[in-house]
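This report concerns only the one structure given below.
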Amino acid sequence: MAQNHDDLSFTFTDEGGEYQFKELFRFEENEKFKRTYIILYNAAMDDEASDDEDYEIQAFVYAPQADVSHPEDALLPIETDEEWDMVTEMINTYFEDPQLNGNL
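Rendered as structure tokens:
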């Protein structure tokens, strides 16, 4: 199901600055979409988050097998509403199950 890989981090740059995101978890869906998905959280939350705060998270298709020069290049957009529904369900399960999330 969900796998934790704390060593991956990604940097995103936009007009507002540079943002560091870390991997929260990833999972493979092998029946319908046959893809690996990665869920990232804003690394600034490491210092700021408490139990009652929401995490800023991002979800992507993760394709590390692609020929990429930067880790961010392995992140692909989730394309369909059906995929988003499945990913959202996995995120909700992760946050609701202390066996998966280690009691964030």
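Oh and the sequence shown: position 30 is 30 in full-length UniProt numbering, straight run, nothing missing.
All C-beta atoms, glycine included, are put in the ideal place defined by N, C-alpha and C.
Just so we're clear, the structure is a prediction, and the values are computed from it rather than from any experiment.
DSSP places residue 20 within a strand segment (E or B) once states are collapsed to three. Just so you know, the alpha carbons of residue 41 and residue 100 end up roughly 16 Å apart. By the 16-neighbour rule on beta-carbons within 10 angstroms, residue 74 is buried. The Cβ atoms of residue 12 and residue 72 lie closer than 8 Å to each other. Rounded to whole angstroms, the separation of the alpha carbons of residue 58 and residue 39 is 6 Å.
Taking C-beta atoms as the reference points, residue 37 and residue 60 count as a pair closer than 8 Å.
Residue range 98-101 is occupied by the alpha helix (DSSP H) that includes residue 99, with no beta strand (DSSP E) assigned at that position. In terms of Cα proximity to residue 18, the closest of 26, 9, 78 is 9. Where residue 57 is concerned, the enclosing beta strand (DSSP E) starts and stops at 57-62.
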